[in-house]
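Numbering (the UniProt record's numbering), first residue to last: 1 to 595. We put the CB at the ideal spot given by N, CA and C, even for glycine. Below is one structure; the comments refer to it alone.
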């Protein structure tokens, strides 16, 4: 029975893989040829256009021209306006029909101004770069209801289908042979990769992709001068990736492949993160559980929505965090420290996870190694930033100024994050506004302190290095839910970290948390990317329901993390691991002495 089922399963997945590869190749070639034809048509139009239209085009923040205006102050200001546009609060005149002038940006304004600027939607909010921000602004067919309906339909099928599959496997106790596991994982990875490659090129037009394209062009044409010539608010690590993309697009046949190339790092990171999840489970002796968790991640609608549809880089950041935590659990302290430094140099919210690194040295009583790791952290940070340090604006402290500017760029209680402050009407409210006794900002600092102390208490109480994954999950979930200034995608790593916690503790409640956070993250991203201002307005049902769910999920996380079952299990497994490790060392020494 099991042998026959394995053969049919492999044959079915292999057939799906072949189809996925074919569809991906056809989709990529079609998108490249279509883009080349479109660019040729636009070139003819530009040659016949009036002089005035060229002047307007030159001022667009999303323009793809490589002109001498790179160093022009007006051009740089337009880039800065475009950078801030995605999350800047709209004015009441710009947002007709919204319930509050402080409400979140809408997908598409339903008035004449939207129609007037519709042709220029790829360039950003407006031709001048100072128009109303349009969340999830798309061009033409990408903003049609077809893709949105497909995404939402696929998501419903995923959650229902995965629930049915899990119950079926659990009830029937169907097991896959170990020899088949790796082949199944490889097949699922190829299917996940190819389906992403098939869809990604056809979903473009969001202003964030335009910004990444501008940065890629700037990095490839003047890598060392990147922070001198642009108003980019990203730390340096991802500039290396953008440089490679900017160079790759100059290769023959890839000049029209910007959309796919910009999404490719996150797409690859999706699959690599799934492989890390699988390998961790295999290492712990739970290969079948790891296969299920990896499949859950690689086909997760929230993961797809962020990397394949939107084209954001949170998946790349999550890959670094997962690598850092797994290396830390293996007690590879200095490699883990380097990865944590890379995470912060990728996105400033990597700072959220640094307490976990510090707590491991405290828990293991490795204070000396902790200071060495601190020096190693500073060295890795300096090496990543070094190429830009000679020409960046701001002198020696340019990186500190960049981080401060990036962190303080959106001084709001919430920036479209479905958390406690959005639930209380604080979305796009100034973080200096009062909430009960203190300002939103002060409440956020108090929350960060309490969450960090809770993570420390967990690791000291559990007395297990494996608790680092749970502490990382507590950090990102707690800070997102209760800190100010959170964006809608900051919770994204919680999916992978919940799966890691599930595999390390074998506690099904972490699997439920992974499913719960997948749903809330998906809802938050879809609402920001697709839905109109009415559904993103204060006290709208998606905002209220999802915010309450995130609060409840964090309560369940705390209850699960500090439960006796979890802490005792972690302590027992860690003591057994150390016992086996010591026995192996003693055995090796005995062999060396001939005993």
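Reference residue i; option with closest CA among the options
i: residue 596; options: 347, 157, 334, 537; result: Here the chain covers residues 1 to 595 and nothing more, so residue 596 does not appear.
i: residue 414; options: 555, 547, 185, 189; result: 547
i: residue 465; options: 256, 366, 310; result: 366
i: residue 352; options: 426, 399, 486; result: 486
i: residue 344; options: 506, 227, 223, 400; result: 400
i: residue 185; options: 373, 350, 271; result: 271
i: residue 19; options: 221, 501, 194, 524; result: 194
i: residue 229; options: 241, 523, 443, 216; result: 216
i: residue 315; options: 220, 338, 262; result: 262
i: residue 364; options: 460, 354, 378; result: 460
i: residue 605; options: 237, 511, 412, 449; result: Past the boundaries of the shown model lies residue 605; the chain is included only from 1 to 595, so the question cannot be answered.
i: residue 440; options: 296, 450, 427; result: 427
i: residue 347; options: 338, 318, 515, 475; result: 318
i: residue 220; options: 562, 250, 269; result: 250
i: residue 187; options: 376, 265, 17, 206; result: 17
i: residue 182; options: 267, 295, 241; result: 295
i: residue 223; options: 209, 212, 240; result: 240
i: residue 390; options: 225, 474, 260, 410; result: 225
i: residue 244; options: 273, 212, 354, 332; result: 212
i: residue 543; options: 266, 424, 383, 559; result: 424
i: residue 392; options: 227, 24, 450, 260; result: 227
i: residue 192; options: 405, 395, 266, 454; result: 266
i: residue 561; options: 458, 444, 247; result: 458
Beta-ladder partner(s) of residue i, from DSSP
i: residue 484; result: Note: residue 484 sits in no beta bridge, so no partner.
i: residue 414; result: 427, 486
i: residue 435; result: 438
Contacting residues, own chain, Cβ-Cβ under 7 Å from residue i (five flanking each side not counted)
i: residue 326; result: 276, 280
i: residue 550; result: 418, 419, 481, 520
i: residue 255; result: 249
i: residue 557; result: 473, 474, 477, 513
i: residue 517; result: 491, 494, 495, 498, 553
i: residue 29; result: none
Close-in-space but distant-in-sequence residues of the same chain around residue i (CB under 8 Å, 5 per side omitted)
i: residue 158; result: 299, 300, 301
i: residue 503; result: 277, 280, 281, 284, 286, 289, 290, 293
Exposure of residue i, with buried meaning 16 or more beta-carbon neighbours within 10 Å
i: residue 386; result: exposed
i: residue 330; result: exposed
i: residue 541; result: exposed
i: residue 552; result: exposed
i: residue 341; result: buried
i: residue 422; result: buried
i: residue 303; result: buried
i: residue 437; result: exposed
i: residue 214; result: buried
i: residue 648; result: In this structure the chain extends from 1 to 595, so residue 648 is not present and cannot be described.
i: residue 320; result: buried
i: residue 500; result: buried
i: residue 508; result: exposed
i: residue 196; result: buried
i: residue 530; result: buried
i: residue 199; result: buried
i: residue 140; result: Below a pLDDT of 50, predicted positions are generally treated as unreliable, and residue 140, at 36, falls in that range; no measurement from the model is reported.
i: residue 236; result: buried
i: residue 524; result: buried
i: residue 382; result: exposed
i: residue 559; result: exposed
i: residue 264; result: buried
i: residue 136; result: Per-residue confidence for residue 136 stands at a pLDDT of 40, beneath the threshold of 50, marking its modelled position as unreliable; no derived number is given.
Chain-order list of residues whose beta-carbon lies under 6 Å from that of residue i (same chain, five-residue window excluded)
i: residue 356; result: 468, 471, 472
i: residue 77; result: Interpretation of residue 77 is limited by its pLDDT of 39, a score under 50 that renders its predicted location unreliable; no figure is taken from the coordinates.
i: residue 447; result: 482, 483
i: residue 336; result: 324, 327, 328
i: residue 189; result: 271
i: residue 456; result: 359
i: residue 407; result: 348
i: residue 397; result: none
i: residue 376; result: 334, 337
i: residue 15; result: none
i: residue 322; result: 273, 276, 496
Beta carbon proximity, residue i to chain D, threshold 8 Å
i: residue 462; result: This model lacks chain D altogether, as it is built from one protein chain only.
Only counting runs of 4 or more residues, tell me where the alpha helix (DSSP H) segments fall wholly within the stretch 348 to 420, in order along the chain.
-> 354 to 363, 367 to 385, 398 to 407
Residue ranges of each beta strand (DSSP E) within the stretch 217 to 292, 3 or longer | none
Taking the runs of the alpha helix (DSSP H) that are 4 residues or longer, which of them lie wholly in the stretch 177 to 210?
-> Taking only runs of at least 4 residues, the alpha helix (DSSP H) segments lying wholly in the stretch 177 to 210 are 178 to 199.
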